[in-house]
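A.B. asks:
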Amino acid sequence: MSRYEVRKSSFGSLDAYELTDSVAGIQAVVVPAVGSNMIALRVGSNTRILYEPPTVNDLLETPTAFGFPVLMPPNRIAFARFEVDGRTYVFPKNHGDHHIHGLVHNVEWKVSKQLASDSEGAVLETTVRSLDHKAIREVYPQDFTLTMQYVIKDGEIIVSTSCENSSDDRLPFGIGFHPYFSTPMTPASTKESCFVRLRAQERWVLTNCLPTEEIVEPVGGHDLREFTPVSSLKLDDLYGRVTDRAAVVEDRGSGLRLTIQVDEAYPFWVVWTGKTPDAPFICLEPYTCVTNAFNLKMCPCCTGAKFIEKGDIFRGSIRLTLGTV
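Going by my numbering, the sequence shown opens with residue 3, and the numbers climb by one from there.
1. Do you know how far the Cα of glutamate 204 is from the Cα of lysine 339?
2. Expressed to the nearest angstrom, what Euclidean distance is found between the alpha-carbon atoms of valine 92 and histidine 100?
3. Under the assumption that phenylalanine 283 contacts serine 184 (Cβ atoms under 8 Å), give the Cβ distance between them as a whole number of angstroms.
4. Buried or exposed for cysteine 291, please, with buried defined as at least 16 other CB atoms from any protein chain shown within 10 angstroms of its CB.
5. With which residues is tyrosine 53 paired in a DSSP beta bridge?
6. Among the residues of its own chain, which have a CB less than 6 Å from the CB of serine 12, if the five just before and after it don't count?
7. Any chance the segment 206–225 sits against the segment 68–85, with 3 or more Cβ pairs inside 8 Å?
8. On the DSSP bridge assignment, give the partners of histidine 101 in chain order.
9. Would valine 113 and glutamate 127 qualify as a contact pair, given that the criterion is a beta-carbon distance under 9 Å?
10. Tell me the DSSP secondary structure of asparagine 96 in three-state form.
11. Short of 8 Å in beta carbon distance, which residues of its chain neighbour lysine 193, apart from the five on each side in sequence? Order them along the chain.
12. Taking the alpha carbon of methionine 74 as the point to measure from, which residue in Leu260, Gln151, Gly178 has its own alpha carbon closest?
13. Along the chain, which unbroken stretches of the beta strand (DSSP E) at least 3 residues long are found entirely within the segment 195–228?
14. Does the Cβ-Cβ distance between arginine 201 and aspartate 246 come in under 9 Å?
15. Could you tell me which residues DSSP pairs with glycine 242 in its beta bridges?
16. Would you be able to state if there are at least three C-beta pairs under 8 Å between the segment 304–317 and the segment 218–233?
17. Return the chain-ordered list of same chain residues with a C-beta closer than 6 Å to the C-beta of proline 181, the five sequence neighbours on each side being excluded.
18. Just verifying my parser: in three-state terms, what is the DSSP assignment at glutamate 63?
19. Under a Cβ-count criterion, where at least 16 other Cβ atoms within 10 Å of its own Cβ denotes burial, should proline 143 be classed as buried or exposed?
20. Could you work out which residue in Lys308, Thr278, Val45 is closest to isoleucine 159 when comparing CA atoms only?
21. Is the segment 310–322 close to the segment 161–180, with three or more CB pairs under 8 Å?
22. With H, G and I counted as helix, E and B as strand and the rest as coil, what does DSSP make of arginine 139?
23. On the three-state DSSP scale, how would you describe threonine 305?
24. How many angstroms separate the CA atom of asparagine 59 from the CA atom of proline 34?
25. Could you tell me which residues DSSP puts in a beta bridge with proline 231?
26. Report the rounded CA-to-CA distance for valine 31 versus methionine 40, giving the unit in angstroms.
27. Could you round the C-beta distance between isoleucine 138 and leucine 105 to whole angstroms and report it? I think they count as a contact, below 8 Å.
28. Measure the alpha-carbon distance for asparagine 294 versus methionine 3 and round it to whole angstroms.
29. Rounded to the nearest angstrom, what separates serine 15 and isoleucine 217 at their Cα positions?
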């Protein structure tokens, strides 16, 4: 019998899928109907890696406030529009005059694969096709398919993404994630015992959370290159040039260390510490591009603004590893 399992369950009135590794004691819970959000990541009976929605209604009301939301495109778009290739892309204004969090976090995704084996681990794959959702196709005329794959294998969690453009026109593309990492991870610890490190060499200067195109070296309370107490931070910052492509959270009261390792697809990070000092999480958000990338005048090589050409596929991967301090 395999150590891995994928089974259909429920979260309130919604279908959920549980991926487990019985040897490592890891369980992930994904809800395809609400943006393919991985709403829970647990180890044993007491460790909660992600900040979970208390109820299904909480998730439905604020789907980007818990778990591991998928943002496409990520963060804000100034005045809810950008223009490329002579075409204007107009988004719904859902944050004052601007747009925030993209178009896929609150739509239903389809399960395209589920399997469990010793060779592949516990695997769940979900997809969303742009033409199937009015909210997406009203903004993007291109026919594209976005795929999320969640894998638990050998005690690690791998979150992989792909996007295939099936239309004749190239697709302006950006994606990011808004994971809420619990601080603390267990009831035995406290937020004051949690520390974060992000070896970012650059910080983008923001005005109202939108880039000004000025890039500076992180200093003072914005510098996370050494382990810093989470409780001392008040951040909603955009970073680049992360030397090791990783963020690390240490819960020293629990003796746990979480490493979030990304590949070259995600050169930018947003760090958000919540609206109040007692927020029980820190958001460490990998992005393919900076906020508002397609409205900036800078070179795409600086902003991460990219296009997926006809028939091409974007791929990116994030690996979560839990160890000890």
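Ideal placement from N, C-alpha and C gives every residue a C-beta, glycine not left out.
Bear in mind the structure is a predicted one, so any value in this text is a computation, not a measurement.
C.D. replies: Taking the definition as stated:
1. For the chain, the structure presents residues 3 to 327; residue 339 sits outside this window and is missing.
2. If you take the alpha carbons of valine 92 and histidine 100, they lie about 10 Å apart.
3. That pair is a contact at about 6 Å.
4. Cysteine 291 is buried by the Cβ-count criterion.
5. Answer is none; tyrosine 53 lacks a bridge partner.
6. If we look at serine 12 and ignore the five residues flanking it on each side, its Cβ neighbours are Ala18.
7. Short answer: they touch.
8. Per DSSP, the beta-bridge partners of histidine 101 are Ile79.
9. Yes, Cβ-Cβ distance for valine 113 and glutamate 127 is below 9 Å.
10. Note: asparagine 96 maps to coil in three-state DSSP.
11. Counting only Cβ-Cβ distances below 8 Å, and skipping sequence neighbours, we find Thr185, Pro186, Val232, Ser233, Asp280, Pro282.
12. Methionine 74 has its Cα closest to that of Gly178, out of Leu260, Gln151, Gly178.
13. If we require 3 residues or more, the beta strand (DSSP E) runs fully inside the segment 195–228 come out as 196–209, 212–218.
14. Their beta carbons are under 9 Å apart, which means arginine 201 touches aspartate 246 by this criterion.
15. Looking at the DSSP assignment, glycine 242 forms a beta bridge with Glu204, Phe270.
16. They do not touch, by the three-pair rule.
17. Same-chain partners within the cutoff: Phe70.
18. Glutamate 63 falls in the helix class under three-state DSSP.
19. Classification for proline 143: exposed.
20. A check of alpha carbon separations from isoleucine 159 across Lys308, Thr278, Val45 identifies Val45 as the nearest.
21. The segment 310–322 vs the segment 161–180: in contact.
22. Helix.
23. Shown here, threonine 305 sits in a helix according to DSSP, grouped into three states.
24. The straight-line gap from Cα to Cα measures roughly 15 Å.
25. Partner(s): Phe197.
26. Answer to the nearest angstrom: the Cα atoms are 6 Å apart.
27. Confirmed, about 5 Å.
28. Linking asparagine 294 to methionine 3 through their CA atoms gives a straight-line distance of about 49 Å.
29. Each residue's Cα considered, the two are about 46 Å apart.
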